[in-house]
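Written out below as structure tokens is the structure these notes cover.
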Amino acid sequence: MLQNVWKIQKSIVISILFTSNNVVYSLTDFSGNVLFWTSTGSKKSRGVKKSTSMIVTSTSKTIADHSLKLGYSYAHIKIKGFGKNKKTAIKSLKLTSLNILSLCDQTSLPHNGCKKTRTRRI
298 MLQNVWKIQK SIVISILFTS NNVVYSLTDF SGNVLFWTST GSKKSRGVKK
348 STSMIVTSTS KTIADHSLKL GYSYAHIKIK GFGKNKKTAI KSLKLTSLNI
398 LSLCDQTSLP HNGCKKTRTR RI
């Protein structure tokens, strides 16, 4: 039981937000305080280059290295948004020495939404 309490105290939350043009990573503790953040745009890549798998892997390795530098070895991962490099980001985080405790996908899907306006007839 004491080991599980220690894992909870030394764990961190990695939130990954995939947008159409960028990928944003943030390191937070369980209180919600942001300890570190980075994005693919901050790696001096612009335009279409931000969504390549090479840039996504390098930024995920950067965030893993920074969390290890802060002294956190256990991580909970939250993923949000649609992106073609979701699996690449998860694989690159698995290859680091971080121990992943949980993986949660929080992408929201609309269930048909509001009623559309009628077409105008002339």
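Numbering (my numbering), first residue to last: 298 to 419. Virtual Cβ for every residue (Gly too), placed ideally from N, Cα, C.
Assigned exposure category for T337 - 16 Cβ within 10 Å defines buried: In the sequence shown, residue 337 corresponds to position 40, counting from 1. Counting Cβ neighbours within 10 Å, T337 comes out buried, since at least 16 surround it.
Residue interval of the beta strand (DSSP E) (run including L314): Here residue 314 corresponds to residue number 17 of the sequence shown, with the count starting at 1. Unbroken beta strand (DSSP E) run through L314: S308 to F315.
Cross-strand partners of I360 (DSSP beta bridge): Within the sequence shown, the letter at position 63 stands for residue 360. Under the DSSP definition of a beta bridge, I360 lacks any partner.
Nearest-angstrom Cα separation, counted from S394 out to K340: For the purposes of this step, residue 340 is taken as residue 43 along the sequence shown, with counting starting at 1. For the purposes of this step, residue 394 is taken as residue 97 along the sequence shown, with counting starting at 1. Between K340 and S394, the C-alpha separation is close to 22 angstroms.
First and last residue of the uninterrupted beta strand (DSSP E) at L398: Taking the sequence shown and counting its residues from 1, the one referred to as residue 398 is at position 101. Looking at the DSSP string, the run of the beta strand (DSSP E) that includes L398 is N396 to D402.
Cutoff 7 angstroms; reference A361; Cβ partners in own chain excluding five residues on either side: On the sequence shown, position 64 is the one that residue 361 refers to. The beta carbon of A361 sits closer than 7 angstroms to the beta carbons of L390, T393 and L395 from its chain, once the five residues preceding and following it are set aside; these are given in chain order.
Cβ contact (3+ pairs, closer than 8 angstroms) linking the region 306 to 315 and the region 354 to 374: Yes, the region 306 to 315 touches the region 354 to 374.
Residue(s) in a DSSP beta bridge with F379: Counting from 1 along the sequence shown, the entry for residue 379 is found at position 82. According to DSSP, F379 bridges with nothing at all.
Buried/exposed call for V331, threshold 16 Cβ in 10 Å: Here residue 331 refers to the residue found at position 34 when the sequence shown is read from its first residue. Using a 10 angstroms sphere on the CB of V331, the tally of other CB atoms stays under 16, which defines it as exposed.
Assigned secondary structure, I419 (DSSP; H/G/I helix, E/B strand, else coil): The count along the sequence shown starts at 1 and reaches residue 419 at position 122. In this structure, I419 counts as coil in the three-state DSSP scheme.
Strand pairing of A386, partner residues [DSSP]: Within the sequence shown, the letter at position 89 stands for residue 386. DSSP output for A386 lists no bridge partner at all.
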